[in-house]
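See structure below.
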Amino acid sequence: MNMKLMSMKKITALVLILSALMTAPAQAVLTIEITKGVDAGIPIAIVPFSWSGAAVAGDSMSNIIEADLTRSGRFESIPSTDFLQQPHTAKQVRFKDWRLIKADNLVVGSIEQSGADTYQVKFQLLDVFTGRTLTGYQYNVQSNKLRTVAHQISDIIYEKLTGEKGAFNTKVAYVTVERTNKGKRYLLQVADSDGFAPQTILDSHQPLMSPAWSPDAKKLAYVSFEKKRSMIYLQRLSDGKRENIASFKGINSAPAFSPDGTKLAFVSSKEGNTEIYVIDLRTRAIKRLTNHHGIDTEPSWLPDGRGLVFTSSRSGQPQVYQMNVDGTGVKRLTYTGNYNARPSISPNGKLMVMISRGNGRFHVAVLNLRNKEFTKLTDTRLDESPSFAPNGRMVLYATEQNNKGVLAAVSADGRVRQSLKFLQGDVREPAWSPYLRRQ
Amino acid sequence: MKKTSQLVLIILLAGMVAVSGCNKKNRKAEGADMGDGVSASGTGTEFGPDGKPLGDWQDGSSGDMLSQTTILFAYDSSEMDSESQAIAEAHATFLRDNSSINVVLEGHADERGTREYNLALGERRAQSVADVFMALGVNALNIEIVSYGEENPVADGHDDSAWRLNRRVEIRYDR
Numbered sequence: 001m002n003m004k005l006m007s008m009k010k011i012t013a014l015v016l017i018l019s020a021l022m023t024a025p026a027q028a029v030l031t032i033e034i035t036k037g038v039d040a041g042i043p044i045a046i047v048p049f050s051w052s053g054a055a056v057a058g059d060s061m062s063n064i065i066e067a068d069l070t071r072s073g074r075f076e077s078i079p080s081t082d083f084l085q086q087p088h089t090a091k092q093v094r095f096k097d098w099r100l101i102k103a104d105n106l107v108v109g110s111i112e113q114s115g116a117d118t119y120q121v122k123f124q125l126l127d128v129f130t131g132r133t134l135t136g137y138q139y140n141v142q143s144n145k146l147r148t149v150a151h152q153i154s155d156i157i158y159e160k161l162t163g164e165k166g167a168f169n170t171k172v173a174y175v176t177v178e179r180t181n182k183g184k185r186y187l188l189q190v191a192d193s194d195g196f197a198p199q200t201i202l203d204s205h206q207p208l209m210s211p212a213w214s215p216d217a218k219k220l221a222y223v224s225f226e227k228k229r230s231m232i233y234l235q236r237l238s239d240g241k242r243e244n245i246a247s248f249k250g251i252n253s254a255p256a257f258s259p260d261g262t263k264l265a266f267v268s269s270k271e272g273n274t275e276i277y278v279i280d281l282r283t284r285a286i287k288r289l290t291n292h293h294g295i296d297t298e299p300s301w302l303p304d305g306r307g308l309v310f311t312s313s314r315s316g317q318p319q320v321y322q323m324n325v326d327g328t329g330v331k332r333l334t335y336t337g338n339y340n341a342r343p344s345i346s347p348n349g350k351l352m353v354m355i356s357r358g359n360g361r362f363h364v365a366v367l368n369l370r371n372k373e374f375t376k377l378t379d380t381r382l383d384e385s386p387s388f389a390p391n392g393r394m395v396l397y398a399t400e401q402n403n404k405g406v407l408a409a410v411s412a413d414g415r416v417r418q419s420l421k422f423l424q425g426d427v428r429e430p431a432w433s434p435y436l437r438r439q
Numbered sequence: 440m441k442k443t444s445q446l447v448l449i450i451l452l453a454g455m456v457a458v459s460g461c462n463k464k465n466r467k468a469e470g471a472d473m474g475d476g477v478s479a480s481g482t483g484t485e486f487g488p489d490g491k492p493l494g495d496w497q498d499g500s501s502g503d504m505l506s507q508t509t510i511l512f513a514y515d516s517s518e519m520d521s522e523s524q525a526i527a528e529a530h531a532t533f534l535r536d537n538s539s540i541n542v543v544l545e546g547h548a549d550e551r552g553t554r555e556y557n558l559a560l561g562e563r564r565a566q567s568v569a570d571v572f573m574a575l576g577v578n579a580l581n582i583e584i585v586s587y588g589e590e591n592p593v594a595d596g597h598d599d600s601a602w603r604l605n606r607r608v609e610i611r612y613d614r
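Chains as they are written, first to last, in my numbering: chain X, 1 to 439; chain F, 440 to 614.
Listed below in structure tokens is the structure:
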């Protein structure tokens, strides 16, 4: 089935040429290529926004929205060369022109300079068949927030037309590795969900791994080897202020915030064996959850915060287990194959993604926790670190392509797949942020 | 004869500690502009004794064994084969007889599987070597265990030949 779908559609989202107003160092930009799509998306026409003002081009806004919606795999964007008119408000729309080119939905909008560096953005989403305006918004923002507004508009359109919350106005954290004449250089970066506007959070010559978002998306926990062994740090994104959370003897790794943000699960071998602990971030009290001579690692919280899933080698090979938040009630969840690790639960609690070995390949697999159905989502061989988008539709993961580390995303149903390429160096350890507060 | 060769060994290894100590300093200075926690990425190979002088002087095998500072492991395993065991025992004997020398056992894994699991696996491998050391009388206080998981490969390929070399414990006297 996968093979059949694979050749259906191949689109390169033109994120690189989107605009000049989005300032990002060229070498740090991710390019996104949809490697597998479906051709039954919702037909939508996005008219380039009209614009006035020096710094802004109206088509960049509509290009971002179009790229967002196309990447989701749920929309079929109609090429602007087919358009018979260029309306910017609902009043200007001749609906028969849009019915003719089979656009079910139409997006029109404008950007107007309203101050020294402020712009007024308006958009409307129209139903072509009924001629009704489905929704419309107006924003007053500075030029550096225009990308954010475009992603917010994408989220609104997505939600209106699919009934599900969009996750375009979110962030992605990841680690890049570059070879320099002074050895390897590791950067922990945070970028928009489309790979734009990357910001470096940490720059080190020692390995970085396992970035984890706080539920309010304001902090990252991660593992750094800067002191020549693994330690866990907690860093505030706004000002870069950070603190060392775990530097016990042995391993300190695999941080995972509880859903309420008050606790951090982590892994330590301070008592001689790799075990899972929880630290209360206010009192700093530490509690051990596992006690087994096998390897226990990679804790991930259930969305209700009442339990965790984790990887354990207690059966002889790594498998995924679940336990209550106090460490009791351990039960094994995976029985397919002899390597299942790095579990992560979907926001609605129904699905679990993990890395699973089959035929000597390590790929992303999903387990339906209700009916226990186990599905392989990818057929690459060195996949790692899967994490759900906050709306649960897409899974972001790391893989290897032409001897380079790349990021990729696959829809939770396996129907849409895309790869996010970094122009130079390797990229790895992706973590999709929670929803951001509206700015 | 035996005493002499042991003395030679001590001098040699002590020299190694001193030389690599310098190296470390130099490296630090080099990387100082690169920010926090910067230092040489430790593959260890460049600091290790090359083994040839020892081999020439020694009629026994422990010198050759001491010149080997990397112990390889099978996939997803922290068990040592007889060759690995012999290397570990040679270092253990040396350390037991020279209790002022500290050692770092650095565990590594190949890239397959998940990073956090591999971090734990690397530590298990280092612990296996430490267990041999301690069984032969090395003071636990002289042994430091570090795991880098799959983060510091010596071979960059994505195939069996690279993976074999990356599943290792490095015995380092140079910290």
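All C-beta atoms in this analysis are idealised placements derived from N, C-alpha and C, irrespective of residue type, glycine included. Computed from a predicted model, the values in this text were never measured in an experiment.
- Secondary structure note for isoleucine 153 of chain X: its alpha helix (DSSP H) is the uninterrupted segment 146–162.
- A direct Cα-Cα distance of roughly 19 Å separates glutamate 66 of chain X from threonine 133 of chain X.
- The beta carbon of serine 387 of chain X lies closer than 6 Å to those of Ser344, Leu396, Ala431 and Trp432 in the same chain, with the five residues before and after it left out.
- Of the residues assessed, histidine 530 of chain F falls on the buried side of the cut-off, its CB having 16 or more other CB atoms within 10 angstroms.
- If you keep only unbroken alpha helix (DSSP H) runs of at least 4 residues inside the stretch 517–577 of chain F, you get 521–536 and 554–574.
- Per DSSP, the continuous alpha helix (DSSP H) segment holding arginine 603 of chain F begins and ends at 599–605.
- Taken in chain order, the whole alpha helix (DSSP H) runs of length 4 or more contained in the stretch 78–120 of chain X are 95–100.
- With a contact defined as Cβ atoms closer than 8 Å, glycine 250 of chain X and lysine 270 of chain X qualify at about 6 Å.
- Counting along the chain, valine 175 of chain X sits inside the beta strand (DSSP E) bounded by residues 171–180.
- Excluding the 5 residues flanking it on each side, arginine 564 of chain F has same chain C-beta neighbours closer than 6 Å at Phe512, Ser517, Gly546 and Val608, in chain order.
- Under the DSSP assignment, glutamine 138 of chain X falls in the beta strand (DSSP E) whose first and last residues are 132–142.
- Per the DSSP secondary-structure output, alanine 365 of chain X pairs in a beta bridge with X/Met354 and X/Lys376.
- Within the stretch 529–554 of chain F, those residues whose Cβ lies closer than 8 Å to any Cβ of chain X are, in chain order, Glu550, Arg551, Gly552, Thr553 and Arg554.
- Chain-order list of chain X residues neighbouring leucine 580 of chain F: empty, with the shortest C-beta distance near 12 Å, by a criterion of under 8 Å.
- Remark: C-beta atoms of threonine 135 of chain X and leucine 126 of chain X do not approach each other more closely than 7 Å.
- In the structure shown, aspartate 503 of chain F falls within a helical segment according to DSSP collapsed to helix, strand and coil.
- About 5 Å separates the Cβ atoms of leucine 544 of chain F and valine 568 of chain F, confirming a contact at the 8 Å cut-off.
- Within the stretch 249–268 of chain X, contact with chain F at the beta-carbon level (separation under 8 Å) is assigned to Gly250, Ile251, Ser253, Ala254 and Val267.
- Contact of leucine 558 of chain F with chain X is assigned, a C-beta pair being separated by under 7 Å.
- C-alpha of serine 258 of chain X to C-alpha of valine 577 of chain F: approximately 42 Å in a straight line.
- Apart from sequence neighbours up to five positions away, the residues of its chain that approach methionine 209 of chain X with a beta-carbon distance below 6 Å are Val223 and Glu429, ordered along the chain.
- Excluding sequence positions up to five before and after leucine 575 of chain F, its CB lies within less than 7 Å of the CB of Glu528, Ala531, Thr532 and Arg535, all in the same chain and listed in chain order.
- Proximity of methionine 61 of chain X to chain F, defined by a Cβ-Cβ separation below 7 Å, is not satisfied.
- The alpha-carbon of methionine 504 of chain F is positioned some 26 Å away from that of aspartate 595 of chain F.
- Cβ-Cβ separation between threonine 176 of chain X and valine 427 of chain X: approximately 5 Å, consistent with a contact (criterion under 8 Å).
- Per the Cβ contact rule, the stretch 42–54 of chain X is in contact with the stretch 99–109 of chain X (3 or more Cβ pairs under 8 Å).
- In the structure shown, asparagine 63 of chain X falls within a helical segment according to DSSP collapsed to helix, strand and coil.
- At least one CB atom of chain X sits nearer than 7 Å to the CB of serine 586 of chain F.
- In the assembly as shown, glycine 561 of chain F is a buried residue. Its beta-carbon has 16 or more other beta-carbons within 10 Å.
- Annotation: phenylalanine 168 of chain X to glutamine 524 of chain F spans about 54 Å, alpha carbon to alpha carbon.
- At least one CB atom of chain X sits nearer than 7 Å to the CB of glutamate 562 of chain F.
- Not a single CB atom of chain X sits nearer than 7 Å to the CB of glutamate 589 of chain F.
- Taking all protein chains shown into account, phenylalanine 129 of chain X has fewer than 16 neighbouring C-beta atoms within 10 Å of its C-beta and is therefore exposed.
- Straight-line measurement puts the Cα of arginine 229 of chain X at about 18 Å from the Cα of alanine 579 of chain F.
- For aspartate 203 of chain X, the enclosing beta strand (DSSP E) stretches over residues 199–204.
- Residue contact with chain F for methionine 394 of chain X: absent (no Cβ-Cβ distance below 7 Å to any residue of chain F).
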